[in-house]
Amino acid sequence: MSDHTADPFAPTVTSLAAALKRGDVSSRELATDCLKRIERAEPALNSFISVTAEQALAAADAADRARADGRAGFLTGVPLAFKDIFCTRDVKTSCGSKMLDNFIAPYSATAVQKLDAAGCVSLGKTNMDEFAMGSSNESSYYGAVKNPWDLTAVPGGSSGGSAAAVAAGLVPATLGTDTGGSIRQPAAFCGITGLKPTYGRISRYGIIAYASSLDQAGPMARTAEDCAHLLGAIAGHDPRDSTSAPHAVPDYAAELDAPLTGLKIGLPREYFGDGLDPAAAHAVNEAVKVYESLGATVRDVSLPHTRYATSAYYVIAPAEASSNLARFDGVRFGHRCDSPEDLIDLYKRSRAEGFGEEVKRRILIGTHTLSEGFFDAYYIKAQKVRRLIRQDFLDAFDQVDVLMGPTSPTPAFDLGAQKDPVSMYLQDIYTIAVNLAGIPGISVPAGFSGARPVGLQILGAHFSEARLLNVAHRFQQATDWHRQRPAFAKEIV
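Start counting the sequence shown at 4; every next residue gets the next number (my numbering).
Here it is in structure tokens:
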């Protein structure tokens, strides 16, 4: 259990849904309270790019009418926010980039549409690393997001604004995206729960693409129970997304309380080597003891190709990014340079002015790896390594039910501390392989390194989200790490 003081006033999606159902509070009251918190917090936190107060209050009123008419569902009236990578009709969708600073989306992403249909109330769009490229939320055109646990620290990335907003109590939940750890790592840094589902479990339609074979949306909230309810609302096949899986959507909340007797846990030895923060290692080991007390058994396993994951990822992801970002050319939408001399000048200057340094770096890497003479040497070889990494996980899940380890090798680092790109890329060393394999993973709060949270990562076989959520939920029933709140959150009440 925690030696920090748990905050009894830490509303979750589940508790707010129950309060709305009882009539203890209205959706308008919740939305108004959240908007006030955002107003008080944002000068210091910078977790939002756009706050849509007028639309939020209108949606809250509609939710209250639906409840009065007996048309309310579980999530009706619950406030949340979206990472600014989800197209949201009539709202700026910037991807944290100057390139899209003037882009108003003409339609909403499928995930946004589904939560709107469920009656959720969107308060706005959260800050992020530009085009989801980063591990610290320092590459945003709108400035760095601060970690509410320590305003001198990063919140993680690229969904750092989403994680910080939940940790600070501005909203009970957000949607983020995870291409190489961008839900799980900021969830760990900010002491919240973040779920990266199986690739294809949630439609990518309307999510501005970074790397199409890796990107996956997922919920970020205080608890696994909250994530279960949100996942149930947004999962499912979408004919508008050819990579969307045609699997039935189970009731993710139904088995949350299932006992863990007989659960087989694997500890990948590759996740406990040099570079792992001692406090993070201790937190994982203590978490494993909790699971053993709940009836689980533990064994060591190996994922031998893990050491190649970072290299393979930073060939495949930039290659896909160079293709996906080619559409931002100053012609159809987005930033356009002033007074171009000709079409080529328009392309060059619009892209040079619109993209930040990290995005340019990855476009150049990707273009290089796809070019003649390097395609076979880099891109094809990286895809072969990807297949080996996937097979490592398949072999491991023949032996165990879930894998556990640290989400990140360190807790949140200081703003500006990572001076070179390679050091930043290595922050995702434990999360990248999961995206390459397409399996689901969840990060839950499991302790602290000093005053900064650390996360426990739990991984499962393809489409085993229900099991992962059950395993995470039972841990949260036995511990109170997920109930911890930073002093910053209490100061803005």
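Ideal Cβ positions, reconstructed from N, Cα and C, are used throughout, including at glycine.
Beta-bridge partners of residue i, as assigned by DSSP
i	result
I268	V301 and V405
D417	A156
P448	G458
P321	P321 is not bridged to any residue.
F85	K128 and L178
P242	Paired residues: none, contrary to the question.
P222	L178
I210	F89
I107	K95
Nearest-angstrom beta carbon gap, residue j and residue i [assumed within contact, 8 angstroms]
i	j	result
V81	L178	Actually they do not touch by this definition, with Cβ atoms about 13 angstroms apart.
V124	A69	With 8 angstroms as the limit, V124 and A69 do not qualify as a contact, their Cβ atoms being about 11 angstroms apart.
A22	V16	At roughly 11 angstroms, the Cβ-Cβ gap does not stay under 8 angstroms, so A22 and V16 are not in contact.
A324	R365	5 angstroms
A400	A329	According to the sequence provided, residue 400 is Phe. The question's Ala does not apply to it. The Cβ separation is near 37 angstroms, so there is no contact.
V304	L270	7 angstroms
V388	Y311	5 angstroms
G122	L78	6 angstroms
F85	G164	Contact doesn't hold; Cβ gap of about 10 angstroms is too wide.
R488	G172	7 angstroms
E42	C98	Their Cβ separation, rounded to whole angstroms, is 24 angstroms, which puts E42 and C98 out of contact at 8 angstroms.
P175	P14	6 angstroms
H485	P443	About 19 angstroms separates the two Cβ atoms, so there is no contact after all.
G183	T372	Actually they do not touch by this definition, with Cβ atoms about 16 angstroms apart.
I3	I88	Any property of residue 3 remains undetermined from this structure, which presents the chain solely from 4 to 496.
Y213	A286	Between A286 and Y213 the Cβ distance is about 30 angstroms, and since that is not below 8 angstroms, they are no contact.
L462	L406	4 angstroms
I495	Q386	Not quite, the Cβ-Cβ distance comes to about 47 angstroms (not below 8 angstroms), so this is no contact.
A156	L349	Their Cβ separation, rounded to whole angstroms, is 40 angstroms, which puts A156 and L349 out of contact at 8 angstroms.
Assigned secondary structure, residue i (DSSP; H/G/I helix, E/B strand, else coil)
i	result
I1	Since the first and last residues shown for the chain are 4 and 496, residue 1 lies out of range.
I52	strand
N150	strand
I495	coil
Q58	helix
Q487	coil
T17	helix
G376	coil
K95	strand
I186	coil
G197	strand
I205	strand
S29	coil
T113	helix
A65	helix
D423	coil
R477	helix
V169	helix
H338	coil
K383	Going by the sequence as given, residue 383 is Ile instead of Lys. Reduced to three states, the DSSP call for I383 is helix.
A284	helix
G278	coil
R43	helix
I442	coil
H232	helix
H504	The chain is shown from 4 up to 496; residue 504 falls before or after that span and cannot be answered.
A9	Bear in mind that the predicted position of A9 carries a pLDDT of just 46, short of 50, making it too unreliable to give a figure here.
M102	helix
R74	coil
D36	helix
E273	helix
M4	Note that M4 scores 40 on pLDDT, short of 50, meaning its location in the model is unreliable; the coordinates nonetheless yield the value given after this. It is coil, neither helix nor strand.
A248	coil
Y255	coil
A22	helix
F331	coil
L217	coil
Residue-level contact to chain D via CB, residue i, 8 angstroms cutoff
i	result
H485	In the structure shown, chain D does not exist; there is a single protein chain.
May I ask you to verify whether the region 452 to 472 touches the region 187 to 204, counting CB pairs closer than 8 angstroms and requiring at least 3?
yes
Only counting runs of 3 or more residues, tell me where the beta strand (DSSP E) segments fall wholly within the region 118 to 147, in order along the chain.
Within the region 118 to 147, the complete beta strand (DSSP E) segments of 3 residues or longer fall at 124 to 129, listed in chain order.
Quick check: the region 213 to 222 against the region 470 to 486, are at least 3 beta-carbon pairs closer than 8 angstroms?
no
Would you call the region 474 to 482 and the region 418 to 438 in contact, with 3 or more CB pairs under 8 angstroms?
no
Determine, using beta-carbon pairs with one atom in the region 131 to 140 and one in the region 158 to 171, whether at least three such pairs fall under 8 angstroms.
yes
Enumerate, from N- to C-terminal direction, the unbroken alpha helix (DSSP H) stretches of 4 or more residues contained entirely within the region 341 to 368.
346 to 357
Determine contact between the region 326 to 341 and the region 98 to 106, defined as no fewer than three beta-carbon pairs at a distance below 8 angstroms.
yes
At a cut of 8 angstroms, does the region 399 to 418 reach the region 356 to 375 through at least three beta carbon pairs?
no
May I ask you to verify whether the region 129 to 136 touches the region 237 to 244, counting CB pairs closer than 8 angstroms and requiring at least 3?
no
Quick test of the definition: if touching needs 3 or more C-beta pairs under 8 angstroms, does the region 111 to 119 touch the region 204 to 220?
yes
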